Amino acid sequence: MHVIYGGTFDPVHHGHLRLALELSDRFGGARINLVPCHIPPHRGDTGATAEQRLALLKLAVAGEPQLQVDDRELVRAGASYTADTLRQLRQELGADVPLVMVVGTDAFAGFDRWRDWQQIPDLAHIVVVRRPGPGLDPAGEPARLLVRRQASGLQALHEQPAGLVLELDPPLLDISATGIRERIADGRSPRYLVPDPVWDEIRRQGLYRACPGGNF
Ligand SMILES: Nc1ncnc2c1ncn2[C@@H]1O[C@H](COP(=O)(O)OP(=O)(O)OP(=O)(O)O)[C@@H](O)[C@H]1O
Ligand SMILES: O=C(O)c1ccc[n+]([C@@H]2O[C@H](COP(=O)([O-])O)[C@@H](O)[C@H]2O)c1
């Protein structure tokens, strides 16, 4: 089984990392590949460049064998479309290896606006992680896809290469990258929300400080 967990990771935080480790455990120790976007197709400018976000992610997972960083979206030019990433992976893995894409409900809510979204279920399974918030519109395409393709459980994902959608409700940490960026811009510390090496590097490079003169 090959599992990817994509995100802007601007910056990566303990919410992402705990979820990744929790999923690895639930998937029988499968490695979780964190895939940072190069140019997110769906939002405005990021606070840090793609290279900086990648460097922070590498610091965050250093020494944790269950988590790995996959930089393929940075290697590709242009916007990062998940369908392109999954096509590339499917070619590398062959037709039979189960490929799983992990996504939070907030991101999955806009799934029917993703590039080539209708092809994605044929390329991979989708694991939707339930996050606090409004949830999915029951009449919308993402919720309907979830019902149509619903997996009977985790084991089902091992039994076919793609095509199923599984909703999971693991324990989550209430942390957001937006909150971290705001904290830093206000001159407050995000310590204990991100791994110490990530915070050290953010400080070293002066990232996310919209205006100089914070008090850390
Ligand atoms: N605290 C969290 N726990 C679990 N999953 C999360 C958490 N925060 C974000 N995610 C999920 O991780 C993926 C990447 O998220 P992203 O990089 O946008 O982080 P974010 O904290 O939501 O950032 P931002 O606040 O900038 O939107 C998405 O699928 C999102 O649902
Ligand atoms: O491929 C698309 O069109 C597309 C549109 C919106 C989001 N995504 C992917 O969804 C993942 C989560 O996005 P985000 O905004 O929560 O970081 C990330 O890997 C994005 O590349 C992908």
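The numbering of the sequence shown is the working numbering, which starts it at 150 and goes up by one.
Yeah, the Cβ is synthetic: ideal placement off N, Cα and C, and Gly gets one too.
Here the structure is a predicted model, which means the values were calculated and not measured.
{"query": "Which residues DSSP lists as bridging Val-246, in chain order", "result": "DSSP lists no partner for Val-246."}
{"query": "Cβ-heavy atom distance, Asp-220 to ligand 1, below 7 Å", "result": "no"}
{"query": "Reduced DSSP secondary structure (H/G/I, E/B, other) of Gly-196", "result": "coil"}
{"query": "Val-278 to Ala-300 span [Cα, whole Å]", "result": "14 Å"}
{"query": "His-191 beta carbon near ligand 2 (any heavy atom closer than 7 Å)", "result": "yes"}
{"query": "Start and end residues, alpha helix (DSSP H) containing Pro-291", "result": "290-297"}
{"query": "Start and end residues, beta strand (DSSP E) containing Ile-275", "result": "274-278"}
{"query": "Proximity test, Gly-259 beta-carbon vs ligand 2 heavy atom, cut-off 7 Å", "result": "yes"}
{"query": "Gly-156 CB to nearest heavy atom of ligand 2 below 7 Å", "result": "yes"}
{"query": "Closer than 7 Å: Thr-231 CB and nearest ligand 4 heavy atom", "result": "As for ligand 4, it is missing from this structure, which binds only ligand 1 and ligand 2."}
{"query": "Ala-199 Cβ short of 7 Å to ligand 2 heavy atom set", "result": "no"}
{"query": "Segment limits, alpha helix (DSSP H) that includes Leu-356", "result": "Run containing Leu-356: none; DSSP gives neither H nor E here."}
{"query": "Beta-ladder partner(s) of Ala-228, from DSSP", "result": "Ile-188"}
{"query": "Val-184 CB to nearest heavy atom of ligand 1 below 7 Å", "result": "no"}
{"query": "Local conformation of Gln-309 per DSSP, three classes", "result": "coil"}
{"query": "Residue burial classification, Phe-158 (beta-carbon count within 10 angstroms, cutoff 16)", "result": "buried"}
{"query": "Cβ-heavy atom distance, Asp-335 to ligand 1, below 7 Å", "result": "no"}
{"query": "Cβ neighbours of Ile-329 in the same chain (closer than 8 Å, five flanking residues each side left out)", "result": "Pro-160, His-162, Pro-339, Leu-342, Val-343, Tyr-357"}
{"query": "Leu-321 beta carbon near ligand 1 (any heavy atom closer than 7 Å)", "result": "yes"}
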